[in-house]
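Enquirer: Here you go, one structure.
There are 2 protein chains.
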Amino acid sequence: MIVRKGHLAEMAEGAESAELDFLFSEGRERHFVQGEHLITEGERTDYFYDVLDGTVALARNGRDGRRQILSFLGARQFLGASSTERYPNLATALTPVTAICYPRAALERVLETTPSFGSKFRVVLTRILESSHDHVYTIGQRSAVERVASFLLYLRSNQARFDPVGPRDKSTHIELPMTRLDIADFLGLTIETVSRAFSSLKRSEVITFKDSHSCEIINLEKIRELGGREDFTEHRGRA
Amino acid sequence: MIVRKGHLAEMAEGAESAELDFLFSEGRERHFVQGEHLITEGERTDYFYDVLDGTVALARNGRDGRRQILSFLGARQFLGASSTERYPNLATALTPVTAICYPRAALERVLETTPSFGSKFRVVLTRILESSHDHVYTIGQRSAVERVASFLLYLRSNQARFDPVGPRDKSTHIELPMTRLDIADFLGLTIETVSRAFSSLKRSEVITFKDSHSCEIINLEKIRELGGREDFTEHRGRA
DNA sequence: CGTGTTATTGAACAGAATCAAACAGTGTGG
DNA sequence: CCACACTGTTTGATTCTGTTCAATAACACG
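Chains A and B supply the protein sequences, listed in that same order.
Each residue of the first sequence is one higher than the last, beginning at 1 in this note's numbering.
Each residue of the second sequence is one higher than the last, beginning at 1 in this note's numbering.
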């Protein structure tokens, strides 16, 4: 049923169990068009997604129109972990997205019966938590330009996941599939401030833009200096 | 060896295994004085703590002196989960703290052999992640006064954990064991702004102060309106 | 009771938000 | 193929929230 092998299947390599077989037999490849919601707020958390392709924005919405994007999810990332009956966040496809959709119950059963898989899963959860902590630091402590620099490093490290060869230190090209508003809502800024920060980095020749949705890092050292050497760097390893 | 039963032991209730017995036989009650570090940055993540008493601040420090407090941990909360060899954060006792200290390896072994326990542990991790997401929303989207209101709700829900009777909706008393600097570093503000926000809430008769480290909520509805009805509320259940 | 520390308050300032306009890119239809 | 509308981005002027700098006030402790 599953055409391509997802990250979850990769994680299960080596382990063998009836529950695992069942889980993967239940997995369905689903496609989402740009703007479509993979999960909506308040929805029952019945499914778990393993992203194969495209970019998803995970956001929390306030009732007064405010929106905070919690993460941008790409290939090899998961979506749908929740401690509650209903999902508090909104997951939106920013590009066409392909993801494997698993019934949550089947996943739970595997986690309860296949401890080695459960351990790997726990490590993934911990990484996600650490990434959220990085985000808190960025939003709580850094200035606008620093946040944008930090964001570029964040995307770079996300991009590295795609790469079958593994993360490359030297890669300087960065795709920005999201709009300026998405970036602003991720960094706790406004579109104007994000735009100004990009312009400022362009002016000081730290980055250049091909078009408004992809840029090239000219001075990676400077970006690291601004965005934080400690965050999203290679020493963290891969999820 | 363990004098009091911690939250981890509570979670293990019902399960039985040699690894669990070993884990609990290895747990040691430790005491920390105010200002002492339970874990320091870069330290090997060899221990796992189950807080019994007191308050711990978990913080990430930048090399330029900036500091972001990621959470305040009290009774029934855990400390020490990490996906890496070395711990990236600094855990400091804000008050005298009592905690049960477990060797990480023993915990890992339990998690790898006792799936029911592993599942509960995963739920706890997920809750911590959701709490971090609340924090991101607060810092990214809310104004100074709103952040402080949100912080009071956060403390209130933390306090409820202590309570053997369970969370009480009506409780209005809030202990502030941390300094204004700690609050500021948690909310991404300065001490002055935090102080002004408190004064503003005092002036509009939403809260009163007994002394600077404990306050009373007069108008809980208003605090919820400012700080976000969705966050840190009772519907989340207990960890 | 003085001394050091933490908290509050005030005045000036700065960085980001808001308001407003221009600009670029895309798609549509004449 | 070009005029036009539409959306998203950039840039500019102004306002405002929160910071910085500075002084004072309240505690905590020897």
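Where a beta carbon is used, it is the ideal one built from N, C-alpha and C, also for glycine.
Please read these numbers as outputs of a predicted model, since none were measured by experiment.
(1) Once you ignore the five residues that flank A:Gly237 on each side, which residues in its own chain have a CB closer than 7 angstroms to its CB?
(2) Classify B:Arg28 as helix, strand or coil using the three-state DSSP reduction.
(3) Buried or exposed: B:Val44, going by 16 or more other Cβ atoms within 10 Å of its Cβ?
(4) Considering Cα atoms alone, identify which of A:Leu70, A:Glu26 and A:Thr84 is closest to A:Gly42.
(5) What residue from A:Ala93, A:Ala9 and A:Glu29 has the CA that sits closest to A:Ile100's CA?
(6) Could you pull the DSSP bridge partners for A:Asp53 from this structure?
(7) Is the beta carbon of A:Val194 sitting closer than 8 angstroms to the one on A:Val148?
(8) Is there a C-beta anywhere in chain A that falls below 8 angstroms from the one on B:Glu240?
(9) For B:Tyr154, would you say it is in contact with chain A, using Cβ-to-Cβ distances shorter than 8 angstroms as the test?
(10) With A:Ala93 as the anchor, note down where its beta strand (DSSP E) starts and where it stops.
(11) Compute the Euclidean distance between the alpha carbons of B:Lys222 and B:Pro103, then round it to the nearest angstrom.
(12) Is there at least one Cβ from chain A nearer than 8 angstroms to B:Tyr244's Cβ?
(13) Answer with buried or exposed for A:Thr40, where buried requires no fewer than 16 other C-beta atoms within 10 angstroms of its C-beta.
(14) Taking the runs of the beta strand (DSSP E) that are 3 residues or longer, which of them lie wholly in the stretch 74-156 of chain B?
(15) Could one say the Cβ of B:Leu226 lies closer than 8 angstroms to chain A's Cβ atoms, at least one of them?
(16) A:Asp64: buried (16+ other C-beta within 10 angstroms of its C-beta) or exposed?
(17) When the cut-off is 8 angstroms and only beta carbons count, does A:Ala81 lie next to chain B?
(18) Count the CB pairs spanning the stretch 149-161 of chain B and the stretch 169-183 of chain B that are closer than 8 angstroms, and state whether there are at least three.
(19) Could you name the residues of the stretch 27-59 of chain B whose beta carbon sits closer than 8 angstroms to any beta carbon of chain A, in the order they occur along the chain?
(20) Let me see if you follow: with CB-CB separation under 8 angstroms, is A:Phe232 close to chain B or not?
(21) Drop a sphere of 10 angstroms on the beta-carbon of A:Phe232, count the other beta-carbons inside from all chains shown, and report buried for 16 or more, exposed for fewer.
(22) Counting contacts by CB-CB distance shorter than 8 angstroms, is B:Leu23 in contact with chain A?
(23) Using a beta-carbon distance cut-off of less than 9 angstroms, what residues from the stretch 183-210 of chain B approach chain A?
Expert: A quick look at the data gives this:
(1) By one-based count along the first sequence, residue 237 of chain A stands at place 237. Note that A:Gly237 has pLDDT 38, beneath the 50 cutoff, so the model's placement of it is unreliable and the number below is only indicative. Within the same chain, A:Gly237 has no close Cβ partners at all.
(2) In the second sequence, counting from the first residue as 1, residue 28 of chain B sits at position 28. Of the three classes helix, strand and coil, the one that applies to B:Arg28 here is strand, per DSSP.
(3) Counting from one through the second sequence, the residue named residue 44 of chain B turns up at place 44. The sequence shown places Arg at residue 44 of chain B, rather than the Val named in the question. Result: exposed.
(4) Translated into the one-based positions of the first sequence, residue 42 of chain A becomes position 42. Measuring from the Cα of A:Gly42, the nearest candidate turns out to be A:Thr84.
(5) Walking along the first sequence from the start, residue 100 of chain A turns up at place 100. Of the listed residues, the one whose Cα sits closest to A:Ile100 is A:Glu29.
(6) Working through the first sequence from its first residue, we reach residue 53 of chain A at position 53. DSSP output for A:Asp53 lists A:Thr98 as bridge partner(s).
(7) Taking the first residue of the first sequence as 1, we reach residue 194 of chain A at position 194. Taking the first residue of the first sequence as 1, we reach residue 148 of chain A at position 148. In this structure, A:Val148 lies closer than 8 angstroms to A:Val194 by Cβ.
(8) Residue coverage of chain B in this structure runs from 1 to 239, which leaves residue 240 of chain B outside it and unanswerable.
(9) Residue 154 of chain B sits at position 154 when you count from the first residue of the second sequence. It does not: the Cβ of B:Tyr154 has no partner Cβ on chain A nearer than 8 angstroms.
(10) Within the first sequence, residue 93 of chain A is the residue found at index 93, counting from 1. First-last of the beta strand (DSSP E) with A:Ala93: Leu90 to Ala93.
(11) As a first step, residue 222 of chain B must be located in the second sequence, where it is residue number 222. As a first step, residue 103 of chain B must be located in the second sequence, where it is residue number 103. Between B:Lys222 and B:Pro103, the C-alpha separation is close to 44 angstroms.
(12) The displayed coordinates of chain B run from 1 to 239. Any statement about residue 244 of chain B would go beyond what the structure contains.
(13) In the first sequence, residue 40 of chain A corresponds to position 40, counting from 1. The residue is exposed, with fewer than 16 neighbouring Cβ atoms inside 10 Å.
(14) 90-93 and 97-103
(15) Taking the second sequence and counting its residues from 1, one reaches residue 226 of chain B at position 226. It does not: the Cβ of B:Leu226 has no partner Cβ on chain A nearer than 8 angstroms.
(16) Here the question's residue 64 of chain A lines up with position 64 in the first sequence. Burial call: exposed.
(17) Residue numbering aside, residue 81 of chain A sits at position 81 when the first sequence is read from its first letter. So, interface residue.
(18) yes
(19) none
(20) By 1-based counting over the first sequence, the position of residue 232 of chain A is 232. Note that A:Phe232 has pLDDT 41, beneath the 50 cutoff, so the model's placement of it is unreliable and the number below is only indicative. Cβ-Cβ to chain B under 8 angstroms: no for A:Phe232.
(21) Start at 1 with the first residue of the first sequence, and residue 232 of chain A comes out as number 232. Since pLDDT at A:Phe232 reaches only 41, below the 50 mark, its modelled position is unreliable, and no value is offered.
(22) Counting from 1 along the second sequence, the entry for residue 23 of chain B is found at position 23. So, not an interface residue.
(23) Asp185, Phe186, Leu187, Gly188 and Leu189
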